[in-house]
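Participant:
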Amino acid sequence: MKRQLLSVLLVGALLVGVVTPTAAAAGVAPDTDTEPAALGSASDGWFATNNTTTTATNDTTTTASNTTTNDTASDSNATSGTVEVTVGQQLTTIVAQTDSEVRTEVEESAFEVRFERGEDDDRAEALEERAEALEERGEEIRESYEEASEAYEAGELTRSEYAQRIATLNARSEDLSTSIARLDSRSKNVSNESLAAAGFNESALASINDSLESVSGVGARALLKQFTGVSEGEVELETEGGLSIKVESEDGEESREVERERDDDANFSVSQSDALDTARDELGTPSVGSWSLVESDKHDDSGYYEFEFELTGTNSTGDAEVRVDGSSGTVYRLESEIESPDEDEEDDDVEDEAEEEDEEDDDEAEEDGDDVEDDEDEEEKENEDAEEDEKDDDEAEEDGDDVEDDEDEEDDEDDEEDGETETEEEEDDEDDDESETETPESE
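The sequence shown runs contiguously to residue 443 in UniProt numbering.
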């Protein structure tokens with residue numbers, strides 16, 4: 001919400017001509033003239049505004065006064081390391097971030113059109129030219145970081161201005177990383193023969209990201225959130241013995257980044273166990289939970305140890321990576337980030353638990369219902385079996401009755417046959433009697 005409000009305020013101010021982009025960036029006095037860089041410049045565009053010190057035109061006294069102010073601000077921050085984030089800086093950072101995004105999208109669109117229209121060889125050539133352009137942009141970012149660091153060490157930039165430069169460079173590096181990922185994905189659709197003929201080097205493309213570690217780590221990302229109004233909190237920046245950035249946001253997020261120079265010796269004179277102890281000491285004890293080692297690697301070619309940690313023993317989440325030089329035994333790079341669950345996440349967890357309980361209750365109810373249905377099915381089956389048994393008994397009785405009826409009919413038939421036989425016998429006897437009676441008379 002704050003980011004949207006800052007954007008609206010900035011656009012309104014630019015439209016009515018109340019402030020120039022450079023004035024918004026530097027927060028200079030109203031009587032100071034500035035010369036904003038052109039938006040469509042070939043190199044930095046609005047970034048030139050953010051990375052160019054304001055030119056005072058009043059007189060030498062004004063310039064000297066500005067220099068004194070910067071030195072004083074730098075000295076006052078030297079003890080605490082605290083970075084103050086102003087609304088003007090947030091407005092300028094939003095402009096710089098938007099400019100980087102627009103520039104990236106315009107270049108990506110032009111590349112995509114050319115890539116889609118070309119054949120395999122043409123696509124390979126387009127990939128190589130795009131890779132060269134991205135490599136040049138990466139070099140611009142590195143040079144801008146070195147110039148800002150030198151200006152801060154020389155007292156030409158305050159601690160807050162230096163932190164803002166790093167935040168702006170982080171926005172540019174993030175867009176560059178996105179372009180590199182897109183280009184790498186596109187290269188998979190072109191044959192290796194065509195890529196080799198065009199001179200496309202995938203490993204060189206990957207090395208661009210490695211060269212931007214100074215402005216692409218968790219500390220630089222946390223600075224960008226602060227300078228664009230995405231989050232608020234305490235910011236600390238130190239440069240003694242290397243660059244150290246620590247950001248604690250009001251939402252409970254903690255980000256820390258350390259970067260130091262390392263020697264050129266790629267040999268190992270420190271054991272891995274000693275390097276691990278050094279890494280643990282540098283990492284320190286987190287505000288919640290504890291750091292647990294999850295992975296350790298020994299990079300023989302580069303001469304350093306790498307340790308990865310995970311935050312345990314708390315509902316917060318976090319991870320850390322520490323690199324220890326194998327020859328000197330010093331930590332030359334550290335990144336750690338801790339995120340605590342916000343109220344929305346906790347509410348979501350409560351809702352999830354409630355949903356799980358409801359699902360369990362539903363499952364139990366369904367099981368109970370299934371048991372009742374099973375019992376009813378068993379009763380119905382028993383009733384059906386009983387009905388079938390009764391039906392079978394009835395059929396059996398009917399069959400028995402039919403058999404008896406058949407037997408009775410057979411008996412009746414037999415009786416009739418016997419009666420007929422007796423009748424025939426009686427008739428035969430009568431015939432015999434008649435025969436006997438007739439015989440004497442004839443005599």
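By construction, the Cβ of each residue, glycine as well, lies at the ideal position given by its N, Cα and C atoms. The model shown is predicted, which means the values in this text are computed figures rather than measured ones.
(1) Closer than 8 angstroms is the cut-off here; do at least three beta carbon pairs connect the stretch 267-274 with the stretch 230-242?
(2) Going residue by residue through the stretch 134-220, where are the continuous beta strand (DSSP E) segments of at least 3 residues, counting only ones entirely within it?
(3) For Asn383, count neighbouring C-beta atoms within 10 Å of its own C-beta (all shown protein chains included) and say buried if the count is 16 or more, exposed if not.
(4) On the DSSP letters alone, give me the boundaries of the alpha helix (DSSP H) that Glu108 sits inside.
(5) Sorted by chain position, which residues of the same chain lie with C-beta nearer than 6 angstroms to Arg123's C-beta, five sequence neighbours on each side aside?
(6) Give a yes or no on whether the C-beta atoms belonging to Ile245 and Gly219 are separated by under 8 angstroms.
(7) Is Phe309 close to chain B, meaning its C-beta is less than 8 angstroms from at least one C-beta of that chain?
(8) Assign Glu193 to one of two classes, buried (16 or more other C-beta atoms within 10 Å of its C-beta) or exposed (fewer than that).
(9) Would you kindly work out how many angstroms separate the C-alpha atoms of Val322 and Gly242, rounded to a whole number?
(10) Please classify Lys225 as buried or exposed, where buried requires at least 16 neighbouring CB atoms within 10 angstroms.
(11) From Glu84 to Glu202, what does the alpha carbon distance come to, in whole angstroms?
(12) Compare the beta carbon distance of Glu139 and Gly199 with 8 angstroms and say whether it is the shorter of the two.
(13) Could you tell me which of Gly88, Leu276, Ser287 sits nearest to Glu308, measuring between CA atoms?
(14) Between the alpha carbons of Thr317 and Val215, how many angstroms are there, rounded?
(15) In whole angstroms, what separates the C-alpha of Ser149 from that of Tyr162?
(16) Have a look at Glu355 and Glu364 and give me their C-alpha separation to the nearest angstrom.
(17) Give the single residue among Ser340, Asp297, Ser292, Ser296 whose Cα lies nearest to the Cα of Asn315.
(18) Buried or exposed, going by whether 16 or more other CB atoms sit within 10 Å of the CB of Arg333?
(19) Using 10 angstroms around the beta-carbon of Gly284, count the other beta-carbons present and answer buried if the total reaches 16, otherwise exposed.
(20) Please name the residue or residues paired with Tyr305 in a DSSP beta bridge.
(21) Thr54: buried (16+ other C-beta within 10 angstroms of its C-beta) or exposed?
(22) Consult DSSP for Thr63 and reduce its assignment to one of helix, strand or coil.
(23) Going by Cα to Cα distance, which pick from Gly233, Thr330, Ser249 is closest to Ala279?
(24) Check whether the Cβ atoms of Trp291 and Ala266 sit closer than 8 angstroms, and answer yes or no.
(25) Please identify the residue among Gly313, Gly289, Ser287, Gly326 whose C-alpha is closest to the C-alpha of His299.
(26) According to DSSP, what are the bridge partners of Arg262?
(27) Could you give the DSSP three-state label for Ala29: helix, strand or coil?
(28) Could you pull out every residue in the same chain whose Cβ sits closer than 6 angstroms to the Cβ of Arg172, ignoring the five residues on either side in sequence?
(29) Just mark Ser175 as buried or exposed, buried being the case when its beta carbon has 16 or more other beta carbons within 10 Å.
(30) Under a three-way DSSP split, which group does Glu84 fall into?
(31) For Ser273, name the three-state secondary structure that DSSP assigns.
(32) Need the endpoints of the beta strand (DSSP E) that Gly233 sits in, please.
(33) Just curious, the beta strand (DSSP E) that Glu337 is in, first and last residue?
(34) Apart from the five residues just before and just after Phe268, which ones in its own chain have a Cβ nearer than 6 angstroms to its Cβ?
(35) What's the call for Gly313, buried or exposed, on a 16-neighbour Cβ count within 10 Å?
Facilitator: With the structure as the only source:
(1) The stretch 230-242 and the stretch 267-274 do not touch, with fewer than three beta-carbon pairs separated by less than 8 angstroms.
(2) Note on the stretch 134-220: there is no whole beta strand (DSSP E) run with a minimum of 3 residues.
(3) That one is exposed.
(4) Residues 87-117.
(5) Contacts found: Phe115, Val190.
(6) Going by C-beta atoms, Ile245 is nearer than 8 angstroms to Gly219.
(7) Judged by its chain identifiers, the structure shown contains no chain B, having just a single protein chain.
(8) Under this definition Glu193 is an exposed residue.
(9) Each residue's Cα considered, the two are about 15 angstroms apart.
(10) Per the 10 Å Cβ criterion, buried.
(11) Computed Cα separation, rounded: 41 angstroms.
(12) Going by beta carbons, Glu139 and Gly199 fall outside the 8 angstroms limit.
(13) Closest option to Glu308, judged by alpha-carbon separation, among Gly88, Leu276, Ser287: Leu276.
(14) Their Cα atoms are separated by approximately 23 angstroms.
(15) Cα to Cα, the separation comes out at about 7 angstroms.
(16) Taking the Cα positions, Glu355 is about 14 angstroms away from Glu364.
(17) Nearest option by C-alpha distance: Ser340.
(18) The residue in question, Arg333, is buried, as its Cβ has 16 or more Cβ neighbours within 10 Å.
(19) Taking all protein chains shown into account, Gly284 has fewer than 16 neighbouring C-beta atoms within 10 Å of its C-beta and is therefore exposed.
(20) Tyr305 is bridged to Lys298, Val324.
(21) For Thr54, the predicted model reports a pLDDT of 37, less than 50, meaning its position is unreliable; a value from the coordinates is still stated below. Thr54 is buried by the Cβ-count criterion.
(22) In this predicted model, Thr63 has a pLDDT of only 32, less than 50, meaning its place in the structure is not dependable enough to derive any value.
(23) For the residues Gly233, Thr330, Ser249, the minimum Cα distance to Ala279 belongs to Thr330.
(24) In this structure, the beta-carbon distance from Trp291 to Ala266 does not fall below 8 angstroms.
(25) Comparing Cα-Cα distances from His299 to each of Gly313, Gly289, Ser287, Gly326, the minimum goes to Gly326.
(26) Answer by DSSP bridge pairing: none, since Arg262 is not bridged.
(27) Its pLDDT being 37, under 50, Ala29 is placed unreliably by the model, and nothing is read from it.
(28) The answer, listed in chain order, is Ser100, Ile141.
(29) In the sequence as presented, Ser is not what sits at residue 175; that position holds Asp. Buried: at least 16 other Cβ atoms inside 10 Å.
(30) Coil, per DSSP.
(31) Helix at Ser273.
(32) Gly233 -> beta strand (DSSP E) spans 233-238.
(33) Glu337 -> beta strand (DSSP E) spans 331-339.
(34) Result list for Phe268: Gly326, in chain order.
(35) Gly313 is classed as exposed because its beta carbon has fewer than 16 other beta carbons within 10 Å across all chains shown.
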